[in-house]
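In my numbering, the protein residues as written are 1392 to 1536. In this text, a Cβ means the ideal position worked out from N, Cα and C, and glycines have one as well. The structure under discussion appears below in the form of structure tokens.
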């Protein structure tokens, strides 16, 4: 006996998949004197796999200056740096990476941003944001530190 389609709905709405949460994100300023040009150490553990090509965005409070010289990225471990640029709106540095091998979930990522001027006025600053993306700018994991 054959099957007969009785009812069909081809317009079932989709769902939005939310990003994962980065594990133990750390952002450390090497020089915290007002107005100093500093390096910034970034470290986190991935919640989701990143593959071998990905982006990391680090967002600073607007009182930071990202072009004190030029914002560059140093790398270590299994990362190979491809490019970095600072958004002209806001204080976000996005770095693009090619890994020597695929980055899995629970892998530790570490890198350093250079030539970042800390605020010229003393006092507390924050929060900072860290997020991982595909090279097509789709969010993978996020965190605010």
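Spatial neighbours of residue i within its chain, please: C-beta separation below 6 Å, excluding the five flanking residues on both sides.
| i | result |
| --- | --- |
| residue 1456 | 1508 |
According to the Cβ coordinates, are residue i and residue j closer than 8 Å?
| i | j | result |
| --- | --- | --- |
| residue 1435 | residue 1417 | yes |
| residue 1419 | residue 1431 | yes |
| residue 1433 | residue 1521 | yes |
| residue 1573 | residue 1394 | Since the first residue shown for the chain is 1392 and the last is 1536, residue 1573 is missing from the structure and cannot be characterised. |
Near residue i, which residues of its chain fall below 8 Å by C-beta distance, leaving aside the five closest residues on each side in sequence?
| i | result |
| --- | --- |
| residue 1479 | With a pLDDT of only 45 at residue 1479, under 50, the local geometry of the prediction cannot be trusted, and no value is derived from it. |
| residue 1513 | 1425 |
Please report the distance separating the alpha-carbon of residue i from that of residue j.
| i | j | result |
| --- | --- | --- |
| residue 1517 | residue 1530 | 22 Å |
| residue 1452 | residue 1406 | 32 Å |
| residue 1409 | residue 1488 | 23 Å |
| residue 1504 | residue 1404 | 42 Å |
| residue 1496 | residue 1534 | 15 Å |
| residue 1498 | residue 1470 | 12 Å |
| residue 1510 | residue 1483 | 15 Å |
| residue 1500 | residue 1526 | 17 Å |
| residue 1415 | residue 1491 | 23 Å |
| residue 1523 | residue 1413 | 9 Å |
| residue 1532 | residue 1440 | 9 Å |
Enumerate in chain order the residues of its own chain whose CB-to-CB distance from residue i is below 7 Å, with the five nearest sequence positions on each side excluded.
| i | result |
| --- | --- |
| residue 1442 | 1493 and 1494 |
Any chance you could list the beta strand (DSSP E) runs of at least 3 consecutive residues sitting entirely within the region 1505-1529, in chain order? Taking only runs of at least 3 residues, the beta strand (DSSP E) segments lying wholly in the region 1505-1529 are 1520-1524.
Enumerate, from N- to C-terminal direction, the unbroken alpha helix (DSSP H) stretches of 4 or more residues contained entirely within the region 1412-1448. none
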